[in-house]
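Protein chains in written order, with the numbering used here: chain A, 33 to 612; chain B, -15 to 174. Ideal Cβ positions, reconstructed from N, Cα and C, are used throughout, including at glycine.
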Amino acid sequence: MATRDWIQIGLYVLVLLLAAKPLGVYMARVLDGERTIMARVLGWLERLIFKAGGVDPNESMGWKRYGANVLGFSVASTLLVFGLQRLQGVLPLNPSGLVAVSADSSLNTASSFVTNTNWQGYAGESTMSYLTQMLGLTVQNFASAAVGIGVLAALIRGLRSNGASGIGNFWADITRSTLYILLPLSIVFSLFFVSQGVVQTFDSSEKVQLTHSMTGADGEIVNEQIIARGPAASQVAIKQLGTNGGGFFNVNSAHPLESPTPASNFLQCLGILLIPAALCTTFGVMVGQRKQGWALLAAMLVLFLTFLIPTVIQEQQGNPTFASLSLTGSANWEGKEARFGIGNSALWATATTAASNGSVNSMHDSFTPLGGLFPMALMQLGEVVFGGVGSGLYGMLVFAIITVFIAGLMVGRTPEYLGKKIDVFEMKMASLVILIPCVVTLLCTAIALVWPSADAGVSQGAKGMANAGAHGFSELLYNYSSMANNNGSAFAGFSANVLFHNILGAVAMWLSRFWIIIPVLAIAGSLARKKVIPSGQGTLPTHTPLFVILLCSVVLIVGALTFIPALGLGPIVEHLQISR
Amino acid sequence: MRTFLTSIRMLLCFTLVCGVAYPLLITGISQVVFPTQANGSMIMENGKVVGSSLIGQAFSDPKHFWGRPSATSPAYNSAASSGSNLGPTNPALIEAIRERVKMLRAVDPTNTKPVPTELVTASGSGLDPHISPSAAEYQIPRVARARGISEVKVRDLVKQFTRGPQLGILGEPVVNVLELNLALDREPSP
């Protein structure tokens, strides 16, 4: 069993790396507006959208215009998703007759999907009508991912241009990424998923008469089973590819109708890291030095494996307290599906938190203490290990800027990256990008722990905990790490769908999405105006193994300095308790 | 303001393409090419839907194979999927496992083999349709005895509903509990 786990993980990494190059080269051509195969097929639609939207795709925007459009588009999206949830009761395509979602939950979910977080306080099958899932959630799965790719493209253009004021056209970027990258991949993925058994129907739930009645929890006789369905496959494909992660059903890809087979599991898991990994190639191609892209990909891979391997081992070794129960082994099967097994569950948990995906195929809340720590820490690193579509790489590029700055301090040279001098302005913006998610995570956790709830002496944070002791704190810390880094996965026992957490979470998600995007665009604008200086003897090469090690160290040190005390209170204490 | 108006127009375009055309296209193709899968892989018996081959059902009779414990309420509630979300140090988790071991032992007192871990730990979805081959093997003597048929006969049926790793490498070998039990019920009683 363990051997097969490792073979599958090896196969996963291999396929990921093999796909990264061709897809990355293709995406570079899309972002540079070249005539790709898909542009030949769907070019008419692109032109139609530009015409209907009233935009000129050839106008290159300055960073402030670009940013204003990002914000305008996101605010409009939030309003639409909010409105759809509030009105779904009177809108069509609601065969199960679901009522309007509460205002605070609607706000949280709208913020969540617009910021590419896809935190889900609600249970999909019993809350959202088919119309809301399609027009609201599926659309934002595409749009928020496309915005991430767009901002990344803008930063890359800033790095490569030689004294220009524009960093590209926002509308062209998101339209082309959607039509030529996300949509074709989603079509292929979703049809494969349906072939495996993922549902895709507009029919209502199926009511099944059981051949054997069963006794319910309160002794009542249950003799029917209601099987919730819906247009799931089309949403599942893009939630994986766009690092969104918002499941159609409550338990996400652990649900047998959301991921029925090991093959659907493999492809969905691949979908999590596929575009983030390939964008490293895209970066290399666009700046004209492919090695620069490989170096970032290598750093991401090193960090990923560093967290993946111990997670798998922890879950295989499992829960030592099982030893007294006369079982066949202590492997941690709680919350995991039989068809996937331990290895695939741990692999998914690591991939989904390395990328800011947040979908799950097993219940992270039931992971062993350290098996849960590594995914949590991956989010806390700021979602730069592959990270979100676009957002992971622009985050990593900011870390690269910090790294050349630190290296510059060590040797007493002016730091530069790809021939662009890094000055005070860039460093200020880079510091904002690094610090904001850290601050938001810790502050929100702290606020939740002291904010009083209706119960005397119980804080809002403590009230939501499903498990007592250190694990309860882990739940709270995990959930705000998830929202404040735009991940979306959860220690799902925590009751987060209440007014307090819905509002605080929505604020956290907005802050860490847009307070990162704006400084990143500012860096892009500032770098774009600078002239490229030829590299000299004092230039630190940024494509060497040395740089990869430096970059990994900077990412780890920033994360460790910020979060080890908090992790000490949760998973580390729990680990000491369990292994006593 | 102009930015916002453009945003709304572009958002409408995105909604039409990604929120209307895309799901309709996928639904259309799926319903033609994969009608069974797209509608939930339902199992028909005598013209009636008796379940989905992908969604488990709760069995508690010794004559049937038992699936994995389900944390939904009631068990295997396919309108509200859920895991237990019990943490590894939660006493309720250990207590629940101990209770399930006791129930398995109670209907099968002569069986002293260790209980397969996955048979007494709740699945992630609460709807897991599968158990491992070893969890099936553990239950074969009990089911055979309760039905008065030979273990060989039961083991043959188990084998028939066992699926190896997909493509020889992906995932775990599993037994489909509902399909197996339906087949057992179709067997003529001795």
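Cβ-based burial, residue i [other Cβ within 10 Å; buried from 16]
{"i": "A/GLN569", "result": "exposed"}
{"i": "A/PRO469", "result": "buried"}
{"i": "A/ILE565", "result": "exposed"}
{"i": "B/GLY104", "result": "What sits at residue 104 of chain B in the sequence shown is Val, not Gly. When all chains shown are included, B/VAL104 counts as buried."}
{"i": "A/GLN267", "result": "buried"}
{"i": "B/ILE39", "result": "buried"}
{"i": "A/GLY190", "result": "buried"}
{"i": "A/MET442", "result": "exposed"}
{"i": "A/ALA330", "result": "buried"}
{"i": "A/THR149", "result": "buried"}
{"i": "A/GLU458", "result": "buried"}
{"i": "B/PRO98", "result": "exposed"}
{"i": "B/GLU79", "result": "exposed"}
{"i": "A/TRP95", "result": "buried"}
{"i": "A/THR446", "result": "exposed"}
{"i": "A/ARG208", "result": "buried"}
{"i": "A/MET428", "result": "buried"}
{"i": "A/LEU413", "result": "buried"}
Proximity to residue i [Cα-Cα], best of the options
{"i": "A/HIS244", "options": "B/TRP50, B/LEU154, B/THR(-1), B/LYS137", "result": "B/TRP50"}
{"i": "A/LEU217", "options": "A/GLU238, A/LEU273, A/GLY198", "result": "A/LEU273"}
{"i": "A/PRO127", "options": "A/ASN194, A/THR159, A/GLN492, A/GLY99", "result": "A/THR159"}
{"i": "A/VAL617", "options": "B/LEU(-5), B/ARG(-14), B/MET(-15)", "result": "This structure does not reach residue 617 of chain A, given that chain A is present from 33 up to 612, and the question cannot be answered."}
{"i": "A/GLN324", "options": "A/ALA51, A/ALA432, A/ILE549, A/GLY444", "result": "A/ALA432"}
{"i": "A/GLY121", "options": "A/ASP487, A/LEU163, A/ILE81", "result": "A/LEU163"}
{"i": "B/ALA59", "options": "A/ALA522, A/LEU311, A/GLY303, A/GLY248", "result": "A/GLY248"}
{"i": "B/HIS48", "options": "B/ILE124, B/SER173, B/SER14", "result": "B/ILE124"}
{"i": "A/TYR212", "options": "A/LEU46, A/PHE526, A/ALA60", "result": "A/ALA60"}
{"i": "A/SER467", "options": "A/GLN40, A/GLY375, A/ILE434, A/GLU256", "result": "Rather than Ser, the amino acid found at residue 467 of chain A in this sequence is Leu. The candidate whose alpha carbon is nearest that of A/LEU467 is A/ILE434."}
{"i": "A/LEU311", "options": "A/LEU464, A/ALA439, A/GLY182, A/SER362", "result": "A/GLY182"}
{"i": "A/SER544", "options": "A/ASP37, A/ALA327, A/VAL465, A/ALA132", "result": "A/VAL465"}
{"i": "A/GLY129", "options": "A/GLN117, A/ILE555, A/SER137, A/GLY99", "result": "A/GLN117"}
{"i": "A/LEU379", "options": "A/ALA363, A/LEU359, A/ILE454, A/LEU302", "result": "A/LEU302"}
{"i": "A/SER285", "options": "A/ARG371, A/LYS239, A/GLN241", "result": "A/ARG371"}
{"i": "A/LEU139", "options": "A/ALA178, A/GLN609, A/GLY602, A/LEU531", "result": "A/LEU531"}
{"i": "A/SER485", "options": "A/LYS495, A/ALA478, A/ILE479, A/THR477", "result": "A/LYS495"}
{"i": "B/PRO7", "options": "A/VAL220, A/LEU63, A/ARG97, A/TYR44", "result": "A/VAL220"}
{"i": "B/LEU164", "options": "B/LEU154, B/ALA5, B/VAL138", "result": "B/VAL138"}
{"i": "A/LEU242", "options": "B/ALA167, B/ASP140, B/GLY35", "result": "B/GLY35"}
Residue i vs residue j beta-carbon contact at 7 Å
{"i": "A/ASN297", "j": "A/SER291", "result": "yes"}
{"i": "A/GLY180", "j": "A/VAL417", "result": "no"}
{"i": "A/LEU184", "j": "A/LEU425", "result": "yes"}
{"i": "B/GLN150", "j": "A/PRO294", "result": "yes"}
{"i": "B/ARG170", "j": "B/ASP112", "result": "no"}
{"i": "A/GLY520", "j": "A/GLY168", "result": "no"}
{"i": "A/SER394", "j": "B/GLY3", "result": "no"}
{"i": "A/ALA386", "j": "A/LEU410", "result": "yes"}
{"i": "B/ALA42", "j": "A/ILE258", "result": "no"}
{"i": "A/ASN389", "j": "A/THR210", "result": "no"}
{"i": "A/GLY153", "j": "A/ASN499", "result": "no"}
{"i": "A/CYS584", "j": "A/VAL334", "result": "yes"}
{"i": "A/SER398", "j": "A/GLU347", "result": "no"}
{"i": "B/ILE133", "j": "A/LEU357", "result": "no"}
{"i": "A/THR313", "j": "A/GLY65", "result": "no"}
{"i": "A/ALA540", "j": "A/ALA522", "result": "no"}
{"i": "A/ALA327", "j": "A/LEU48", "result": "no"}
{"i": "A/ALA538", "j": "A/SER143", "result": "yes"}
{"i": "B/THR56", "j": "B/SER44", "result": "no"}
{"i": "A/PHE174", "j": "A/ILE270", "result": "yes"}
{"i": "A/THR360", "j": "B/THR101", "result": "yes"}
Assumed close pair residue i, residue j - CB separation to whole angstroms, cut-off 8 Å
{"i": "A/ALA381", "j": "A/THR338", "result": "The pair is not a contact, with the Cβ atoms about 15 Å apart (cut-off 8 Å)."}
{"i": "A/GLY156", "j": "A/GLY279", "result": "6 Å"}
{"i": "B/VAL158", "j": "B/SER116", "result": "6 Å"}
{"i": "A/VAL226", "j": "B/SER14", "result": "4 Å"}
{"i": "A/VAL552", "j": "A/LEU187", "result": "6 Å"}
Proximity test, residue i beta-carbon vs the ligand ZN heavy atom, cut-off 6 Å
{"i": "A/LEU80", "result": "Judged by which ligands are present, the structure shown has none, so any question about the ligand ZN falls away."}
Stretch-stretch touch, CB-based, cutoff 8 Å, three pairs: the segment 257 to 269 of chain A with the segment 223 to 235 of chain A: Yes, the segment 257 to 269 of chain A touches the segment 223 to 235 of chain A.
Segment contact, 8 Å Cβ cut-off, at least three pairs: the segment 104 to 116 of chain A with the segment -14 to 5 of chain B: As far as the Cβ criterion goes, the segment 104 to 116 of chain A touches the segment -14 to 5 of chain B, which means the pair count is three or higher.
Stretch pair the segment 570 to 577 of chain A + the segment 307 to 325 of chain A: three plus CB contacts closer than 8 Å: The answer is yes - the segment 307 to 325 of chain A touches the segment 570 to 577 of chain A, with three or more Cβ pairs under 8 Å.
The segment 61 to 81 of chain B touching the segment 350 to 361 of chain A, judged by at least three CB pairs closer than 8 Å: Between the segment 61 to 81 of chain B and the segment 350 to 361 of chain A there are three or more inter-stretch CB-CB distances shorter than 8 Å, so the stretches are counted as touching.
Touching by the beta-carbon criterion (3+ pairs, under 8 Å), the segment 507 to 521 of chain A and the segment 462 to 479 of chain A: Because the criterion of three Cβ pairs below 8 Å is met, the segment 507 to 521 of chain A and the segment 462 to 479 of chain A touch.
Three-pair Cβ contact test at 8 Å for the segment 555 to 562 of chain A versus the segment 193 to 209 of chain A: They touch, by the three-pair rule.
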